[in-house]
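As they're listed, the protein sequences go chains A and B. Under our numbering, the first sequence has 550 at position 538, and the numbering climbs by one with no breaks. Under our numbering, the second sequence has 7 at position 13, and the numbering climbs by one with no breaks. All residues carry an ideal CB built from backbone N, CA and C; glycine is no exception. Inspection log for the structure reproduced underneath, given as structure tokens.
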Amino acid sequence: MVYQILNQSDLCDYYSLNENPGLNQRIKVRKDKFAFLDDEKIQLQLVSFRDEKQMHITFYLPQMHCSSCLYLLENLYRLDRGVVSSKVNFTRKEVDIIFLTGKTSLRKIAETLTSIGYEPYISLNDLKEKRPAIDKSMVYQIGVAGFAFGNIMLMSFPEYLGIDASEKVLLNVFRWANFFLAIPVLLYSALPFYQSSWKSLKHKFLNIDAPIALAIIITFIRSAYEVISGTGGGYFDSMTGIVFFMLAGRILQDKTQRQLSFERDYTSYFPIAVSVVKEDKEVPTALPDLKTGDTLLIHHEELIPADGILTKGKAFIDYSFVTGESLPVLKEMGEIVYAGGKQTEGNIEILVVKEVTQSYLTKLWNRDEFKNTAENKNVSFVHLLSRYFTYIILAIAAATAVYWQLNDPAKMWPAVTAIFIIACPCALFLSNTFTNGNILRILSRNHFYLRNAETIEDMARATHIVFDKTGTLTSTQQQDIVYEGKSISTYQLQQVAALAESSNHPLSKALVKHLGRAKGIIVDNFKETTGQGIEGVAGNDRVKLGSYHFVTGKTATQPGTAVFVSFNNDIFGYFLFSNHYREAIPSLIKELKKEYHLSVLSGDNTAEKETLQKLLGKKATLLFHQKPEDKLQYIKYLQQQGEKVMMIGDGLNDAGALKQSDVGIAVAEQTNNFTPSSDAIIEAKQLSKLTRFISLCRANRNIVIASFVLSIVYNVIGLFFAVQGTLSPLIAAILMPSSSLSILLLTFGSSTLIAKQMKL
Amino acid sequence: MSVIIILLIASISIAGLFLFAFLWGVKSGQFEDDYSPSSRILFDDKPSSETKTV
């Protein structure tokens, strides 16, 4: 089908560009899925620009994966004549489309995209205020600082090397040029330091930026004074240089993974609109406009957006998203269905009893605790270190001032200002930002993505690790199946497989995968009872597969998840399903067990308690039947005991716990997949390296301290000249870049070396 | 030695030009997506029977 569309429009190059284009499986999309895009109000909130003729829209297309996609999407105007232009941003997986409203519509474009395999992902999140543009101001600032630094260095050479007395005029020109070049650095490039120190002072906390801002300002004033009075050249080169290096460090540290989102809440999972049934018609309605008492039509494979009562159809809801329970749940008419579940078989109708923002699931996010988390965050040890440093410098400055006041008052100010110039904690700042930046880079190369640099320290501090079970310890894609009961022949197993093949139920699919495809067995009279089981004549026998109740007609409790099987009403036994643990888990747990308290929280039943206890050891805490709220409370309880909790989870059901914990790590099968809001995202395959990741984060602190010691050596040399009031521009000009560069080398070198030793 | 002053003015204005080019490049988003432009250049524009409507 895709080929036909492409062929008509002469886009067959698509297939020659890449060896395996169109890798993604296409899911059939319901005809009216994008009907809501015809709604004026929704349109208004989605488009970035519109007038009578044109509309600009940005679609997020998660399926984009190769250069062929790029080619196809940028040639969209050949598929839809109304499209004026389409421009792809591959890093963000977005396409910006400009189209003529007279010739096509938003809905048509969305449908065209879907027909060629790129279904736009439109979620409730898009309805919120526009995302703030990426802040580029720091890049501008470093550009200006670099420009000034380079030129000032060049023009300071006469100052370093001395100049002929006859050319004194020239020297003055150079000095004034430096002065003017340094002004934009003082007023513009150094802004982030002023802002940050002002903010911290307002909170009555002295962070590392405050002494740095002070040093920048004092250096400028002292230098300006020297230039204006004609007594010297000042230290503009040192000042601009240090601003440049520090901005570089900060940019490196703050460079986060733009294609990943750490801030997802339920709105990124929920659809933007649902079909509301009004007088027998389907009306697409935006989610925030839903009211209690509305009747929703939930189609096959759609998410239920609000808590409600089932009024029509048989619901077979997959809550794995919310609870971690791996199997769909059957709901009869009149029962309450909670938001967040996915309907898996057929269409249902729901009467809304609670609005979207009031539902059981979304309430998790609206808790008051989460609204002001920034304040009680841990303070980085770097700030504490810099505080001691600042006090010492102040003490030295005071002592020097007193000494010169008594002996030679004229020398007091030069000496005191020189102390501040030479001994700002810039080196500490540099070593911290560059080490953090490099560690973030090393970790992301290993597909472990941290939200920001503070997470490194939080990782190193953790004392208790809490795992979610489903999807984290176990893989959602595989299950272990064991048969128990009367001996069963290979032919009979084939019969079972043949029967199971006719059903779409996850357990049937898993059975087929386990038993292998049946050859040559024809199934007749196939009948499926939703939520119960399947039956049919396979070969010559009547085979029944399903729950104990379905197969035997009796009611009894089942041992875990089991599928019973009978041949011609003779009960043979059952297939026991258990979660498949990821390969790396046992060895990982074994290593973690030595140093950490471990806990496992599971939304599932207790069927696997023994296996888990054996795996985790006797000291570990295992809790089952945990609702999202319970998980959160457990984390809170641990924190009240003074533990620093690292939570590792995957689904929406862990979202509250991930947010509450000190470090929340979301596990994703692929980084493109959606993960709940967290501090870090790890690819499932990389879980085995977790212990090494943690030790790298711990090494961070040692590296910063080591380079800090080095910087103190430089500071002592500088102070030796400064207290005597003999700090010449040449000494400053040598000390500043050499200390900065050697610290860069030390931090980069040692963090890379440690990572190499750990084989990361 | 006034030639040095001329050189100084020339060098700073050239450096300023580069600074401007850099700021302009950042502003126009040149550094944001480093994958698409490099592949985009490889696509041939086939002569189309209809011209694009702008």
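- Item | A/N163 at chain B interface by Cβ criterion, 8 Å | yes
- Query: Fully enclosed by the segment 156 to 208 of chain A, which beta strand (DSSP E) runs are 3 residues long or longer?
  - Reply: none
- Taking Cβ positions only, does B/A9 come closer than 8 Å to chain A? yes
- Query: Does the beta-carbon distance from A/H476 to A/K630 come in below 8 Å?
  - Reply: no
- Message: I need the straight-line Cα distance from A/K354 to B/Y29, nearest angstrom please.
- Response: 36 Å
- Query: How long is the line joining the alpha carbons of A/Q645 and A/G483, rounded to whole angstroms?
  - Reply: 21 Å
- Query: Which stretch, first to last residue, makes up the beta strand (DSSP E) that contains A/P296?
  - Reply: K293 to A298
- Task: Tell me whether the beta-carbon of A/T323 lies closer than 8 Å to the beta-carbon of A/T304.
- Result: no
- Message: Since A/L588 and A/L610 should fall inside the 8 Å C-beta cutoff, what is the C-beta to C-beta distance between them, to a whole number of angstroms?
- Response: That belief does not hold up - the Cβ atoms of A/L588 and A/L610 are roughly 26 Å apart, past 8 Å.
- Query: Considering only C-alpha positions, which residue in the set A/A472, A/E106 and A/K697 is nearest to A/S707?
  - Reply: A/A472
- Query: In three-state DSSP terms, what is A/D492?
  - Reply: strand
- Query: In three-state DSSP terms, what is A/G663?
  - Reply: coil
- Query: Taking the C-alpha atoms as reference points, what is the distance between A/I164 and A/V735?
  - Reply: 26 Å
- Item | Pairwise C-alpha distance: A/L418 and A/G253 | 35 Å
- Contact with chain C by B/I(-2), beta-carbon distance below 8 Å: As a matter of chain content, chain C is missing from the structure shown, whose protein chains are A and B.
- Query: If you follow the alpha helix (DSSP H) that A/F732 is part of, which residue opens it and which one closes it?
  - Reply: L702 to V735
- is_contact[B/I6, chain A] using C-beta, thresh 8 Å: yes
- Segment contact flag, the segment 85 to 96 of chain A with the segment 117 to 136 of chain A, C-beta cutoff 8 Å, min 3 pairs: yes
- Neighbour list for A/S79 in chain B, Cβ cutoff strictly below 8 Å: S33 and L36
- Message: For B/L1, would you say it is in contact with chain A, using Cβ-to-Cβ distances shorter than 8 Å as the test?
- Response: no
- Task: Provide the residue span of the alpha helix (DSSP H) that contains A/F587, from first to last.
- Result: From DSSP, A/F587 is part of no alpha helix (DSSP H) but of the beta strand (DSSP E) over D582 to Y593.
- Query: Relative to the C-alpha of A/G558, which residue among A/I233, A/F576 and A/E513 is closest?
  - Reply: A/F576
- C-alpha gap between A/E294 and A/V341, whole angstroms: 26 Å
- Through-space distance from A/E469 to A/F393, alpha-carbon basis: 9 Å
- Message: Is it the case that the segment 460 to 467 of chain A contacts the segment 726 to 746 of chain A, given that we only count it when at least three CB pairs across the two stretches are under 8 Å?
- Response: no
- Item | Where A/Y426 sits in the DSSP three-state scheme | Correcting the residue identity first, residue 426 of chain A is Pro in this sequence and not Tyr. Three-state result, A/P426: helix.
- Message: I'd like the span of the alpha helix (DSSP H) that includes A/F232, first residue to last.
- Response: D221 to S241
- Could you have a look at A/D63 and say whether DSSP puts it in helix, strand or coil? coil
- Message: Are the CB atoms of A/F460 and A/I715 within a distance shorter than 8 Å?
- Response: no
- By Cβ distance, which residues of its chain are closer than 7 Å to A/R399, with the 5 residues on each side in sequence left out? L218
- Whose Cβ in chain B lies nearer than 9 Å to the Cβ of A/E86? S30, R34 and F37
- How many Å lie between A/G244 and A/E86 at the Cα? 60 Å
- Task: Measuring only between beta-carbons, confirm whether A/F257 sits less than 8 Å from chain B.
- Result: no
- Message: According to DSSP, simplified to helix, strand and coil, what is A/N617?
- Response: coil
- If the cut is a Cβ gap below 9 Å, which residues of chain B does A/G155 touch? L13, F16, L17 and V20
- Just the chain B side, please: which residues come within less than 9 Å of A/L82 by C-beta, in chain order? Y29, S30, S33, R34 and F37
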